[in-house]
Structures are given as structure tokens and as C-alpha cells.
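K.L.:
Quick one: the structure is below, questions incoming.
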Amino acid sequence: MKPIDFLTKNWWAFALIFIFLFSYYIRAVNVIPDRLLSFDPIFQYRYTKYFVDWGHLPVWDELTYYSGRSVTSATQPLMFYITGIFYWMFNFLNVTLQTFASYMSAIYGAMIVIPAFLLARELSNKYGGLLSAALVGSAPQILVRTFGSSYDTDQIVLFFILLSLYGGFLVLRRKNIPTFSFALIIFVLFMLAWLYFLYTLMILVIFVAIFFMLNLVLSTNEGKRNISMKKFKSSLSSIKIHILILVAIFALLILIGFVNNVNVVNYLLKLINFAQNPEKSIVNISIAELQTLNIFSLNGWILVTGSFMSTEVITYFILAIFTILIAFSFFYSFKKKNLEVLAVLLTLLLVGVYTTIRGVRFTEFVSALFMILIGVGFGYLFEYFKDKRFSKIIIIGIGILIILIAMDIGLKTAYQLGPDLNNNWDSAWNFLKTKTPEFSIVGTWWDPGHMITGLAERRVFADGAHCPPEACFYPINNRITDLGKIMATSDENESLSLIRKYQGDSPNVYWIASDDLIGKYQWLQYFGTGCDARTDPKCPLYIQLGEDPQSRMYDNNGNLVFLSYPLGQQSRILVYGSSQTLLPIYVEGINAALFNEIIFYNGTEPVAVKFNESEISNLLTNLKPLESQLNVRFTNQTIPMTVWIPIHFSYIILIPPNLRNTVFTKMFLLEGQGLEHFKQVFRNEQVKIYEVV
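When the letters of the sequence shown are read in order and numbered with my numbering, they come out as residues 6 to 698.
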């Protein structure tokens, strides 16, 4: 075969290679040596490092949820094995494991385009496959979870979701031994990669049910569409092989899982339980990514079709094209009376809609499913106009335009991604790793736990790897409740008692209070005390206000007099700084009032100043000349809140009375003042570390 003939025949393969390379590039472009994204990627890295160092995973992980947990109950090892083995093979490159893991993560993310192509091609043709691959590889909604520094399971999971759907639909359509073996191998590998690997097997079950219903309702009997017992039996007969195939796959997975100490039935029950009641692990209530999404809103529809957002015109153009292509995929499969493909499309649509109910977190999965629908619609559109040369050229042009726009948006998104770069937290992890005894236990809220175990290499009270009662001594719900109470209570002795509950044989205990907990405090308070700020007005939270540098006010000599912190359209906090004592002023319209307490720093130590009525009166007299300058009128009433003003002035915190004396307030805002059993041993602007004594 001549080279030109080979290229002409296999052009789609070269196009797919280009899409893969582009998808890899946008995931690797912002890799920074020895840096990974925080949280879950650090957990994945820690286990990968153990495998690389020792050649196997540990039997027991004593750092997490101290006194630890069985590793087999905590994670699926496929990604650790693949990364570790390739690291050994390419050890001559002399790169660190963190750097290597980042690039492997980019490869895993780029590999998603391959099953996307295969699945869309199986349902339509190579044109639909290429469009789906390009969209999945470029989609910001997927990219933000699958870029290089995010060394997490999302890449592997999404790869196997699409590949197992492809293998599953393939065997249900072809019904032969090779495709059955292929599908089984995929599911076995998927079992080693994700706890909820049966998600796609459930999708295949739903497909069979929908295929049965379509046969029952839409197939014709002697030219008529009616439902009869004969038609019911015929429709049931058409899915018997499908049912046998799925039962055989499930039975073999149970057997293979049993041999490898994996309880497949238990995994299925966990999947069903999460689908019905994710709030069983109470921490899920607080995770923003697990909040529901309205897919039928404009924003929801943009998210589930990949988040291809640019200018308003381009965004709406892309969204309109996507919607038309999805609709056309259903129209054309119905027109062709291809009930099997129509059942697949309906399954992907319905599963996608339901999955969004489980949380915004899963829109990356839904996006991939919907982009398969988009690709199938494009493939069908090309097929529909295949005999009309001019129309076919227009369709190809539209497809190329969509791909170019998608890649441009993906590339721009990629340049905004990368690992965490935070010197304050780096210093904190380094302090814990180098300045504390090796077997110390460190506590804080649950989500920094992976960094404590992975970067600081210390035991932790809890982390992001959810731990049920059968896996951990004191499971996640108990620990989340206690962690919240330790910081939300005003009784230091109660905090100390709860900390000792988890100390075990750890020689030292350290506690972290950090600025991110100000925004998360709603959940510390809710889980720790039951006080719900969402519904109970007696449970107000800290209010963090950022400074508006454009609204600073100076005197005639150029000295800074006022800092401004917007609170709303008509209100703000002005911090008056012309005297030795900083003075916050609440301004709403033309009215102004003082707060009854302020906390500011005198050098390096915070000073709390509470004003009585006489002092407020004197202050108002001194501030009277400012009324004309600020165009306000001071009132004698004070705001019953405390204002905390940090050294850096970049934000201030309003502390309501119910939080004034909590352990967290004393830890982070008062640098340990008023605490007897917490000795501050490290601090910077963001992180305060205490030794529990």
C-alpha cells in the first residue's frame, strides 16, 4: 500500500493521536517539579511512594484515622502499581516521584480520549468518535479534575467508566467470546481502580431495561404498534442474552474478587447506598462538590456539556450546537429504528441527569457521557448528509470549528491550573515533620489530613479518606463531630478531653488552627454543637471582609487614614488609623456606629479592647469632625460584635458574641490567649500550631 493510500485510509488514527497529544499537553503544561495539588493527590502520592520504596503496599496504615486502618479497606491500588512500575522503568531520568507522578497524571488524563472515541464510534461512526474525543480531552469541566498536578483517581476512573461502557455495550451488541473476555478484563481492572466500579455495570442493567421497554412499545407487530402478551414475550426474549451476559460478568467478578479479597457484593451495596443516601457520612453534607445541581438551568446545562465558556456569543453558540446535536442523536436513531442505540442514548441521558443529583462533583462524569451524545449526534448528522457534498462540507467545517474553539478554551483553562504554592503551609508542614517527635498525632478539621500524613508524615485524627465503622476505631462520623466540638466549644476542658480520647500512645499532640477554617466554621459549629447557621438565627458565623484598596482614604500629607472593607451595597467597615488605637466604624448609608470591642495587634501580640459607655461617648466626641468628611452621622448605639484586625490588614473578621470565647477564636484570633492547655509553638499569617499540654 502506498503511503498516501495508507494515510487516506487511516487519517482518523492520526487525528486521534493529535487529539491525545494535545490533551496531554494542556494537562502537563503547568507541571511544577516536586509539587502536587493538595488534599487527595497527596494521599495518592503517599501510597505510591510506599509502593515504590518497598515494592508492596502496607498491610496497615497507622497514620490515617489513628490508630489506623487496613489498607485493603481504604483504597484501590491500580494507579499506585502503574505509576510505581513505570517509575522503576524510567528511573534513569533522575526525576523525583512527585514530578514523575504529575506527568503520569497528565498521561492518564489524556488517555480518556481513547475510550471516548471508541464508544462514540461504536454508536455512530469515526466522525462522531473524533468529536467526542476532542471534546472530552479539552472540556474544562473534566480538565480541572484531570490535569497533571492533580494526581488523583479521577483520570483513571473516567477512563474506565468510558472504556467499561464501551466494552459492555460491545459485548451486548456482538454477543461473542472475544468481546465478553474484553469486557470482563476491563471490569476486573476497574475493580482495582475504584470503589464504585459497578457504577457502569448498573448503567448496563438500566440499558437492558430501557431496551426491553422500547422493544415493547416501539417495535411493530404486523405493522402495528401495540402491547400484547405475544409482544411482551418477544421483547423479553430479545434481552435474555443481555441478562445472561451481565449476570455472568457479575458472577465472575464476585469470584475474582473473592480470590483477591475484594467483596464485590459489599461494593455494590455501598454504591446503592451512596446513590440513595450520600448523607450517611455526615461530612458529605458539608462538601460543596456534593451539593445538588439543577441540570435544567442555564448554568447547569453549561456544566454538564463541558463548561466551554468564552465570550457570551461563543458560549451560547457552542451550547446551541451541542443541544442540537444531542437532540439529533435521538431523532436519527429513532428514525432509523435502531432501538438498541436509542436505548443506549436514553440510558446515558437519564443516568447523567440522575448523577447530577448526587452532586456537582460528578459533573465531570456526566460531561463525558453527554459529550458522547454530542459526538454521536455529529456522526449521525454527517451520515444524514453523506450523499450531499455541499452539506457534508458544511458539517465537516462546523465540526472542525467546534474542535478548534474547544481546544482554545481548554488551552486557556490549562494555563490557569497548577499545584498549590503556599509558603505559609509549606512552613507548617516542614515544622511538623522536622520539629515534632516522629509518633506525634496532629489534629485540625478533617480536610488537611492528607497533607499531615503525606507531607508532615505524622499521625492524624481524620482525613479525606472516609472511614466507616467496619474499617476504623471511631469512624468518620464520630471524629467529624468531635473535631468540630473541640474547636467550637468555649470549654477548653471539653476540648482537652476529646483530644485525649484519640491520643492513644502518641507521645505528643499538636493542633492546627488556620485561616481557612473561618470560612468553613459553619460546619465545625454544626457538626460539633448542632447549631445550624443556615436555619437558626442564634448561630451567627464569623464574617470575613476583604479590603478594597481602591477605597483607601489619605490625609493632606499622604498618610493613610481609612481602610475600607465592603459589607454590602450600602454598608462597609471603615478602619480609622490616625491614632495609636485602630478604630473600626460601621457605615450604612449616612449612619455610622462603633463596635463595642476590637482586637488589634500591638507589635506581634493581639490586644483586646472593650469599650464601656463612657469611652464610647468620648470616642464619638473626638470623631465628630469626621462626619462632614465621611458624609455620615454617628449614633450612640454600638454594634455588639468584636472586630479582629490582623497585622496585614488584607481582611478583617467580625466575631459575633456566641463565638467570642470559643477555642478556635482563642487559637487563631487571640494567638492562644485565654488557653491553658494549648501552647503555641508555630505561627504565621495563615497557620497557628499548638502543642497540647
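Glycine residues also receive a C-beta, built at the ideal position from the N, C-alpha and C atoms.
Among E602, F683, E618 and P589, which one has its Cα closest to the Cα of F654?
P.N.:
Considering only alpha carbons, the answer is P589.
K.L.:
Identify every residue that forms a DSSP beta bridge with S75.
P.N.:
DSSP output for S75 lists W65 as bridge partner(s).
K.L.:
Determine contact between the region 173-186 and the region 395-411, defined as no fewer than three beta-carbon pairs at a distance below 8 Å.
P.N.:
Counting Cβ pairs under 8 Å, fewer than three are found: no touch.
K.L.:
Which residue wins for smallest C-alpha separation from K506, given the options V64, I644 and Y71?
P.N.:
It is Y71.
K.L.:
I need the DSSP call for S576, collapsed to helix, strand or coil.
P.N.:
Residue state, collapsed to three classes: strand.
K.L.:
So who's on the other strand from G551, going by DSSP bridges?
P.N.:
Note: G551 sits in a beta bridge opposite Y656.
K.L.:
Would R539 be called buried (16 or more neighbouring beta carbons within 10 Å of its own) or exposed?
P.N.:
With fewer than 16 other Cβ atoms within 10 Å, it is exposed.
K.L.:
Is it the case that the region 349-356 contacts the region 365-382, given that we only count it when at least three CB pairs across the two stretches are under 8 Å?
P.N.:
Touching, yes, given that three or more Cβ pairs across the two stretches are closer than 8 Å.
K.L.:
Relative to the C-alpha of V2, which residue among H247, G153 and S224 is closest?
P.N.:
Outside the shown range of the chain, which is 6 to 698, sits residue 2, and nothing can be said about it.
K.L.:
Based on Cα-Cα distance, which residue from F335, A198, V614 and P183 lies nearest to Q160?
P.N.:
The candidate whose alpha carbon is nearest that of Q160 is A198.
K.L.:
How should N699 be labelled, buried or exposed, when 16 other C-beta atoms within 10 angstroms of its C-beta is the threshold for buried?
P.N.:
For residue 699 there is no data in the structure shown, the boundaries of the chain being 6 and 698.
K.L.:
Am I right that A467 and L488 are in contact with their C-beta atoms under 8 Å? What's the rounded C-beta distance?
P.N.:
Between L488 and A467 the Cβ distance is about 6 Å, and since that is below 8 Å, they are a contact.
K.L.:
Within 8 Å, do at least three Cβ pairs link the region 634-643 to the region 655-666?
P.N.:
The region 655-666 vs the region 634-643: no contact.
K.L.:
Which of helix, strand or coil does DSSP assign to E127?
P.N.:
Here E127 sits in helix by DSSP.
K.L.:
Do you know offhand how far A96's Cα is from M456's?
P.N.:
The amino acid at residue 96 is misidentified as Ala; the sequence shows Asn. Using only the alpha carbons, I get a separation of about 26 Å.
K.L.:
Would you kindly report the start and end of the unbroken alpha helix (DSSP H) that includes L206?
P.N.:
Y204 to L223 is the span of the alpha helix (DSSP H), which, as asked, contains L206.
K.L.:
If I measure Cβ to Cβ from L170 and keep anything under 7 Å in the same chain, skipping five residues before and after, which residues do I get?
P.N.:
Closer than 7 Å at the Cβ level, and outside the excluded window around L170, lie L124, T205 and I208.
K.L.:
Measure from the alpha carbon of A461 to the alpha carbon of each residue in W434, G469 and E475, then state which is nearest.
P.N.:
Of W434, G469 and E475, the residue nearest in Cα terms is W434.
K.L.:
Terminal residues of the continuous beta strand (DSSP E) containing N498?
P.N.:
It is not in any beta strand (DSSP E) - N498 instead sits in the alpha helix (DSSP H) that spans E497 to Q508.
K.L.:
Using 8 Å as the threshold, is the C-beta distance between G114 and T158 below it?
P.N.:
Cβ distance not < 8 Å, so G114 and T158 don't count as in contact.
K.L.:
Secondary structure at E593, three-state DSSP: helix, strand or coil?
P.N.:
E593: strand per DSSP, three-state reduction.
K.L.:
Do G448 and W528 have their CB atoms nearer than 8 Å?
P.N.:
No, Cβ-Cβ distance for G448 and W528 is not below 8 Å.
K.L.:
Comparing the C-beta of T647 with each C-beta of chain E, is any distance below 8 Å?
P.N.:
In summary, chain E is missing from the structure at hand, where a single protein chain is found.
K.L.:
In terms of alpha-carbon separation, which member of Y92, K629 and K671 lies closest to M492?
P.N.:
Among Y92, K629 and K671, the Cα nearest to that of M492 is on K671.
K.L.:
What residue range is occupied by the uninterrupted alpha helix (DSSP H) comprising N641?
P.N.:
Not the alpha helix (DSSP H): N641 falls in the beta strand (DSSP E), residues R638 to W649.
K.L.:
If S576 sits next to E593, beta carbons under 8 Å apart, how far is it from one beta carbon to the other, in whole angstroms?
P.N.:
Right, their Cβ atoms sit about 4 Å apart.
K.L.:
Buried or exposed: where does I504 fall if 16 or more other Cβ atoms within 10 Å of its Cβ makes it buried?
P.N.:
By the neighbour-count rule (16 or more Cβ atoms within 10 Å), I504 is buried.
K.L.:
Pick out whichever of D520, D521 and K543 has its Cα sitting closest to the Cα of Y531.
P.N.:
It is K543 whose Cα lies nearest to the Cα of Y531.
K.L.:
What residues match up with N723 in a beta bridge as DSSP calls it?
P.N.:
Because residue 723 is not part of the residues shown, which for the chain are 6 to 698, the question remains open.
K.L.:
Compute the beta-carbon to beta-carbon distance between Q103 and R40, rounded to the nearest angstrom, for a pair I have assumed lies under 8 Å.
P.N.:
About 7 Å separates the two Cβ atoms, so the contact holds.
K.L.:
In angstroms, rounded to a whole number, what distance separates the CA positions of E345 and K236?
P.N.:
Near 17 Å, if we compare the C-alpha coordinates of K236 and E345.
K.L.:
To the nearest whole angstrom, what separates the beta carbons of L194 and L257, a pair I think is in contact under 8 Å?
P.N.:
Rounded, the Cβ-Cβ distance is 13 Å, inconsistent with contact.
K.L.:
Does the beta-carbon of G133 have 16 or more other beta-carbons within 10 angstroms, so that it is buried, or is it exposed?
P.N.:
Burial call: buried.
K.L.:
Could you spell out the range, first to last residue, of the beta strand (DSSP E) harbouring S445?
P.N.:
Run containing S445: none; DSSP gives neither H nor E here.
K.L.:
If you scan the region 516-562 from start to end, which runs of the beta strand (DSSP E) of 3 or more residues do you find wholly inside it?
P.N.:
Complete beta strand (DSSP E) runs here, min 3: 548-551.
K.L.:
What's the C-alpha gap between P611 and L659?
P.N.:
Approximately 15 Å between the Cα atoms of the pair.
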